[in-house]
Amino acid sequence: MKQAKNKPLQLPAGSEPVLAAVSGGPDSMVLLDLLLNSGRHIEAVYVHHHLRKEAEAEIEQIRQTAENAGCLFHVKHISPGKNQADYRRKRYAACYEVMKERRLPLLATAHHADDQAETMLMQLIRGVLFRPAGMSEKRPVPGGTLIRPLLFWTKGEIYTYARENSISFSRDASNDSSMYQRNRLRQRILPAVREENPSFSQNAVWMAERAQEEEAYLQKEAAALLPEVRQSGGGVLISCEEWEQIPAALRFRCLHLLLSRLDPDISWGREHLEAVLRLFGSGSTTGSVTLPGNWTAESRYSDVYIGKEEGEADPFCLPLDPEETVELPFGTVTAGMSACGEQSSFWEVPHSSLPLYVRSRRPGDRIVTLSGTRKIKKIFIDHKIPRKVRQEWPIVTDSHGTILEIPFLERALPYSVENTETTPLYLSYTRGSNF
């Protein structure tokens, strides 16, 4: 296999065929030459953006090189993109199509060490969530694996190889434009950095490799430490006590992992994670954070709830007839001649107090208990019931509006039924998974 002086081509072990993404520039033409001399089956693809008049000449040059080597050459056409990121997405999608059509498991791009240094600087400038780790040597893509065989080569080594092996290539004038951040870094910043250390690009590659290894390990550790979450109303509840058991150095990473599992389509930013982290340990019911994608996070005393933003629940008032079960978001409420469910209580209800009702809370609600008259609001607070849950928590009353029970929380004094006709009833409750 051809190679630069003591500089091997980084290819996966084995003999799997490779699709080379070729633009006609020095990097990709050197990559193509090295791959054609690797002993593997190689095919090449050029993605036509229809932006530059030089593209047709580039296609012809690549076609000649490919045909001379007996290499199949593909040209894929893409529609105009909105921005660089959109063009990049379409460009890769076109390559994935060829991989699938031709059953080629490896896609090779010509990214090199200088590209890696630029990428890490861009990540540092942009502010990534974790340490700048650059581009990986390989990563899974639709239909196979993307590989970067030249990632350990510098631009200088690529030019030397092209010169020594008489490799023709084209120059893309857009690479000289200061409109793009990568070009500005290449033209203005990196030359100054290399005056301080000529080996900066090689150091960046080495650091990226170490960072990626450590990132993979830390992600695995974070996944193992992520506490169990409870489903609640379309979201999840996380125990603050369990959260505190996670080492502080991994909490940020664990939260990012959790949010990414809840909604992988959202790019969770540092400001989102820091805002949610502040809720843990606050011990209140007032803290809340609005997140992207209509998500919200809020303190619920000893828990933090993360779920979709929902409006206030509608008030309700439903009759509770004997031997009937009322189904609510809370769970079920049954009035019957026998006990059932998770919790039951026995009542002798005067006929004049029937029918019973199940309703939502109302301003000024009170219940008369053994310890005196208590405000329903205060009972909810004492039991640390989150505000959004209180509106859906059922309250059982008689026909006069007297509150008999707040399921699982409080019971009123029994009726005085001497010389009164009554109906014996068990009030039984089953709590739903969200409560």
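Residues in the sequence shown are numbered consecutively from 0, following numbering that gives the first Met the number 0.
We put the CB at the ideal spot given by N, CA and C, even for glycine.
These numbers were taken from a predicted model, which means no experiment stands behind them.
* Under the assumption that Leu224 contacts Cys253 (Cβ atoms under 8 Å), give the Cβ distance between them as a whole number of angstroms. => For the purposes of this step, residue 224 is taken as residue 225 along the sequence shown, with counting starting at 1. For the purposes of this step, residue 253 is taken as residue 254 along the sequence shown, with counting starting at 1. Contact holds; Cβ gap of about 6 Å.
Express the C-alpha separation of Arg229 and Pro246 in angstroms, rounding to a whole number. Here residue 246 refers to the residue found at position 247 when the sequence shown is read from its first residue. Here residue 229 refers to the residue found at position 230 when the sequence shown is read from its first residue. Cα-Cα distance, rounded: 21 Å.
| said: If you follow the beta strand (DSSP E) that Ile237 is in, where does it begin and where does it stop? | reply: The residue you call residue 237 lines up with position 238 of the sequence shown. Looking at the DSSP string, the run of the beta strand (DSSP E) that includes Ile237 is 234-238.
Check your understanding: Leaving out five residues before and five after Leu184 in sequence, what residues of the same chain have Cβ atoms less than 6 Å from its Cβ?
Key -> Numbered from 1 along the sequence shown, position 185 holds the residue referred to as residue 184. Glu117, Leu120.
Proximity below 7 Å, CB of Phe442 to CB of Gly431: The question about residue 442 has no answer here: the residues shown for the chain are numbered 0 through 434.
Going along the chain, which unbroken runs of the beta strand (DSSP E) with 3 or more residues stay wholly within the segment 56-106? 71-76
Self-check item: Helix, strand or coil at Ala296 according to DSSP, with G and I counted as helix
Solution: Taking the first residue of the sequence shown as position 1, residue 296 is located at position 297. In the three-state reduction of the DSSP assignment, Ala296 falls in the strand class.
Pull up the distance between the alpha-carbon of Tyr179 and that of Ala84, whole angstroms please.
Translated into the one-based positions of the sequence shown, residue 179 becomes position 180. Translated into the one-based positions of the sequence shown, residue 84 becomes position 85. Spanning the two alpha carbons is a distance of roughly 12 Å.
- Exposed or buried, which one is Tyr216 when buried takes at least 16 other CB atoms within 10 Å? As a position in the sequence shown, residue 216 is number 217, starting the count at 1. So Tyr216 counts as exposed.
_Strictly by DSSP, which residues pair up with Phe251?_
One-based indexing of the sequence shown puts residue 251 at position 252. None; Phe251 has no bridge partner.
* Does DSSP put Trp392 in a helix, a strand or coil? -> In the sequence shown, counting from the first residue as 1, residue 392 sits at position 393. Here Trp392 sits in coil by DSSP.
Item to check | Closest residue to Ser415 among His350, Asp171, Ser27, Leu408 (Cα-Cα distance) | outcome: Working through the sequence shown from its first residue, we reach residue 415 at position 416. Nearest option by C-alpha distance: His350.
**Item:** 7 Å Cβ cutoff met for Asp26 and Ala109
**Value:** In the sequence shown, counting from the first residue as 1, residue 26 sits at position 27. In the sequence shown, counting from the first residue as 1, residue 109 sits at position 110. Yes, they are a contact pair.
Check your understanding: Excluding five sequence neighbours on each side, which residues of the same chain lie with their C-beta closer than 7 Å to the C-beta of Ser14?
Key -> Here residue 14 corresponds to residue number 15 of the sequence shown, with the count starting at 1. Closer than 7 Å at Cβ, skipping near neighbours: Arg39.
Check your understanding: How many Å lie between Ala411 and Lys374 at the Cα?
Key -> Locating residue 411 in the sequence shown gives position 412, where the first residue counts as 1. Locating residue 374 in the sequence shown gives position 375, where the first residue counts as 1. Looking at the two C-alpha atoms, the distance is approximately 12 Å.
Quiz item: Using a Cβ-Cβ distance under 7 Å, would Phe151 count as near chain C?
Solution: Considering every chain present, this structure includes no chain C. It has just one protein chain.
Length of the line joining the Cα atoms of Gln342 and Lys376: The sequence position of residue 342 within the sequence shown is 343, counting from 1. The sequence position of residue 376 within the sequence shown is 377, counting from 1. The straight-line gap from Cα to Cα measures roughly 22 Å.
- Task: Just grab the DSSP bridge partners of Asp302 for me.
- Result: The residue you call residue 302 lines up with position 303 of the sequence shown. Beta-bridge pairing links Asp302 to Ser238, Arg299.
Relative to the alpha-carbon of Ile41, which residue among Ala92, Glu55, Arg87, Val97 has its alpha-carbon at the smallest distance?
One-based indexing of the sequence shown puts residue 41 at position 42. With distances taken between Cα atoms, Ile41 lies closest to Val97.
Query raised in the report: Just how far apart, CA to CA, sit Ala65 and Glu156?
Result: Counting from one through the sequence shown, the residue named residue 65 turns up at place 66. Counting from one through the sequence shown, the residue named residue 156 turns up at place 157. When rounded, the distance between both Cα atoms is 23 Å.
message = Could you give the first and the last residue of the continuous beta strand (DSSP E) run that contains Gln201?
response = On the sequence shown, residue 201 is found 202 positions in, with the first residue counted as 1. Careful: Gln201 lies outside any beta strand (DSSP E), inside the alpha helix (DSSP H) at 199-224.
Q.
If you reduce the DSSP assignment to three classes, tell me which class Gln186 lands in.
A. The residue you call residue 186 lines up with position 187 of the sequence shown. Three-state result, Gln186: helix.
Can you check which of these residues, Pro406, Tyr356, Tyr425, is closest to Ser398 by C-alpha distance?
By 1-based counting over the sequence shown, the position of residue 398 is 399. The candidate whose alpha carbon is nearest that of Ser398 is Tyr356.
What first and last residue would you give for the beta strand (DSSP E) that runs through Leu290? By 1-based counting over the sequence shown, the position of residue 290 is 291. First-last of the beta strand (DSSP E) with Leu290: 287-290.
- Query: How would you call Asp113, buried or exposed, if buried means at least 16 neighbouring beta carbons within 10 angstroms?
  - Reply: Taking the sequence shown and counting its residues from 1, one reaches residue 113 at position 114. So Asp113 counts as buried.
Practice item. Can you grab the Cα-Cα spacing for the pair Lys75 / Ser135, in whole Å? Key: Against the sequence shown, residue 75 aligns to sequence position 76. Against the sequence shown, residue 135 aligns to sequence position 136. In this structure, the alpha-carbon of Lys75 lies about 25 Å from that of Ser135.
Given this structure, state the Cα-to-Cα distance separating Ile237 from Thr368, to the nearest angstrom. Position 238 of the sequence shown, counted from the first residue, corresponds to residue 237. Position 369 of the sequence shown, counted from the first residue, corresponds to residue 368. If you take the alpha carbons of Ile237 and Thr368, they lie about 33 Å apart.
Apart from the five residues on each side of it in sequence, which residues of its chain come closer than 8 Å, Cβ to Cβ, to Leu123? Here the question's residue 123 lines up with position 124 in the sequence shown. Closer than 8 Å at Cβ, skipping near neighbours: Pro131.
*asked:* Given a cut-off of 7 Å on the beta-carbon distance, is the pair Pro393 and Leu319 in contact?
replied: Sequence index remark: in the sequence shown, residue 393 carries index 394 (1-based). Sequence index remark: in the sequence shown, residue 319 carries index 320 (1-based). No.
*Beta-carbon contacts of Thr429 that lie in its chain and below 6 Å, excluding the five residues immediately before and after*: As a first step, residue 429 must be located in the sequence shown, where it is residue number 430. These residues qualify, in order along the chain: Gly330, Thr331, Gly340, Glu341.
Check your understanding: By how many angstroms is the C-alpha of Thr372 removed from the C-alpha of Ile378?
Key -> Position 379 of the sequence shown, counted from the first residue, corresponds to residue 378. Position 373 of the sequence shown, counted from the first residue, corresponds to residue 372. Using only the alpha carbons, I get a separation of about 11 Å.
For Met146, which of Leu257, Glu273, Pro11, Trp242 has the nearest alpha-carbon?
Here the question's residue 146 lines up with position 147 in the sequence shown. The question names Met, yet the displayed sequence has Ile at residue 146. Ranking Leu257, Glu273, Pro11, Trp242 by Cα distance to Ile146 puts Pro11 first.
Beta carbon of Leu106 nearer than 7 Å to that of Leu8: Within the sequence shown, numbered from 1, the residue matching residue 106 stands at position 107. Within the sequence shown, numbered from 1, the residue matching residue 8 stands at position 9. Cβ distance not < 7 Å, so Leu106 and Leu8 don't count as in contact.
Exercise. Do the segment 160-178 and the segment 202-222 touch if we need at least three Cβ pairs shorter than 8 Å?
Worked result: no
- Look up Ala338 in the DSSP assignment and say whether it is helix, strand or coil. For this step, residue 338 is matched to residue 339 along the sequence shown. The DSSP-derived three-state label of Ala338 is coil.
Quiz prompt | Every unbroken beta strand (DSSP E) inside the segment 112-184 [3 residues or more] | solution = 137-140, 143-146
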